[in-house]
Amino acid sequence: MAINPDALDPRLISNTKSLLEDKSRRIVIVTHTNPDGDAVGSSLGMYICLRNAGCLDVEVVVPNAYPGFLKWLPFNEKVIVASDRPQKARELIMGADLVFCLDFNGFSRIDALQDVLVSANGVKVLIDHHPEPEPGFDLVFSYPGSSSTAELVYEFFEALGWSSCVDQEAAECLYAGIVTDTGSFSYSCNNPGTYLITAKLIRTGVDGERIHRLIYNTYSSDRMRLLGYCLSERLVVMPEQQTAYISLGKNDLDRFHYQEGDTEGVVNYALSIENISLAALFTEHEDHIKVSFRSAGDVDVNRFARDHFYGGGHVNAAGGKSFDPMESTLLRFEELVKALTSG
Ligand code: 5GP
Ligand code: MN
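Heads up: the sequence shown begins at 169 in the numbering used here, then just goes up one per residue.
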């Protein structure tokens, strides 16, 4: 749901606006680990808007690398990847007067940056659309009904009276965030406001068709073959539980020369099978198995990921981790799903 900008708490808006009056304040924008289109799009969109508003010292820090299909975003080269430059990232966060925390709502979501952000003295402003924000943020713009953080960033600048700061480049970033978090307007977007904001972004000169191609039609052949392999060889369907899942071991990833982002979107294919309302993807990493969940209707994968996989997210899209071997992780998942659907 899009929020009427007037609905963004006016007191919070005016507090934030006064913090932004001194243009020399050091501002850092931070987003979550394994940054996706909304994380990077909302962060770079915000970066550009703040620069356009006259803020002189703005930086974007992400915990780790993000997929190649986001590297065309304007000012992508400005992003500081903490896993590559840990010292620089920590110094920036420690020295910031203001830290905008975008597209996450709990400190564990930024992994190695967690302790530095917790102990940093700057004012922490949360702008996010995940449910149940944790305490620890100073100014909280939390709207779980919103399609994306990118949409909220637009509304934030409108509420500040600074919508003119959203130029074409900022709009490209925010558009990318909305498109990726709604699966190209196929979920979390049953609200006219999302389209009205999208229209305003397009009006700045954004070429939506080009952005769609850049995000979705730039598969490497390895990535495309990995997708084919997932669907033909690794898909398990549990019809009685209306569940389908895919698992990928390290050897599978090596075989297809896995690159960051290559499994993005794979879990959605499992959900697009008729009568499937819960889908999962298990991917083996160095020291854990990453789990992605997607669901339809009122199957709450945020709860499921929180309760069983050290994770969270949204009702219909969530993620988590397992520290057990793949085989026992999958067995446990099957048991949990059977219990969930029998009850
Ligand atoms: P994905 O499956 O695409 O990685 O993530 C889907 C959603 O769940 C995103 O909104 C993402 O922010 C959230 N998410 C993914 N992994 C985790 C996790 O380990 N913990 C929490 N709290 N949220 C996660
Ligand atoms: Mn998001």
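Note that the Cβ used here is the ideal one computed from N, Cα and C, for glycine as well.
Sorting N358, S415, R219 and L266 by C-alpha distance to the C-alpha of W330 places R219 at the top.
Counting only residues of its own chain and dropping the five nearest sequence neighbours on each side, L224 has a CB closer than 8 Å to the CB of K191 and S192.
Distances from the CB of S352 to the heavy atoms of the ligand MN are all 6 Å or more. Judged by DSSP secondary structure, R194 falls outside any alpha helix (DSSP H) and instead within the beta strand (DSSP E) spanning R194 to T199. The Cβ-Cβ distance between T411 and V321 does not fall below 7 Å. Between the ligand 5GP and S460, a heavy atom-to-CB distance of less than 6 Å is present.
Counting every other CB atom within 10 Å of its CB across the protein chains shown gives V286 a total below 16, marking it as exposed. Residue pairing by DSSP places C269 opposite V198 and L294 in a beta bridge. Around Y437, the same chain offers L399 as residues with beta carbons nearer than 7 Å, after the five sequence neighbours per side are excluded. The continuous beta strand (DSSP E) containing T451 extends over residues L446 to E452. In the structure shown, A175 adopts helical secondary structure according to DSSP, grouped into three states.
Under the three-pair Cβ rule at 8 Å, the stretch 255–271 does not count as touching the stretch 367–381. By the Cβ test, the stretch 288–307 is not in contact with the stretch 325–341, since fewer than three Cβ pairs between them sit closer than 8 Å. Contact between P235 and G429 holds: their C-beta atoms lie close to 2 Å from each other, under 8 Å. For the pair T201 and P231, the CB atoms are nearer than the 7 Å cut-off.
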